[in-house]
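Asks:
Numbering (our numbering), first residue to last: 122 to 284.
1) Taking only the alpha-carbon atoms, compute the straight-line gap between residue 175 and residue 278 and give it to the nearest angstrom.
2) Which class does residue 197 belong to by DSSP, given the choice of helix, strand or coil?
3) Give me, in chain order, the residues of the same chain whose beta-carbon lies closer than 7 angstroms to that of residue 187; leave out the 5 immediate sequence neighbours on both sides.
4) Could you tell me which of 180, 258, 248 sits nearest to residue 153, measuring between CA atoms?
5) Judging by CA-CA distance, which residue of 131, 130, 183 is the nearest neighbour of residue 156?
6) Taking the continuous alpha helix (DSSP H) assigned at residue 266, which residues delimit it?
7) My parser needs the alpha helix (DSSP H) runs of 4 or more residues fully inside the segment 124-191; what are they?
8) Is there contact between the segment 201-209 and the segment 232-247, where contact requires at least three CB pairs shorter than 8 angstroms?
9) Express the C-alpha separation of residue 200 and residue 271 in angstroms, rounding to a whole number.
Following this line, the structure appears as structure tokens:
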């Protein structure tokens, strides 16, 4: 696997994780059923048909990780929102996107902050034409400065829980 194909597989996995998290929130389905449905029926088995392969392990980690740490993730996102905004006020697709990105920022230290932010801002552009990509960029930037302060040459806040 080349670096470029690995990038495409992870990008495809991020999109699938966003869709799976959205589906889980809307339908209340069992997480393992949704993950299996994506792997068995929605993931292309190769790039013959023009769709990139998915990094299935990365996809599963994102979905399971968000679900396992959703309370902590939601608290972290709430801290990064502008005053007067609540997570409940945010569109359900944006909520799923911010949750996946937040999990990746905290738990996937193998992925640089810039890559996480760029990937999820790009996903926001895929779904929204308005100000949402800028909103995602601002929230993730604030969150990244708290969760990965050392990558910015900063000292992490003492009160910042990690999971």
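For every residue, glycine included, the Cβ atom is placed at its ideal position computed from N, Cα and C.
Replies: The structure says:
1) If you take the alpha carbons of residue 175 and residue 278, they lie about 35 angstroms apart.
2) helix
3) 142, 194, 220, 221, 224
4) 180
5) 183
6) Start and end: 253-268.
7) 124-148, 152-158, 177-189
8) no
9) 19 angstroms
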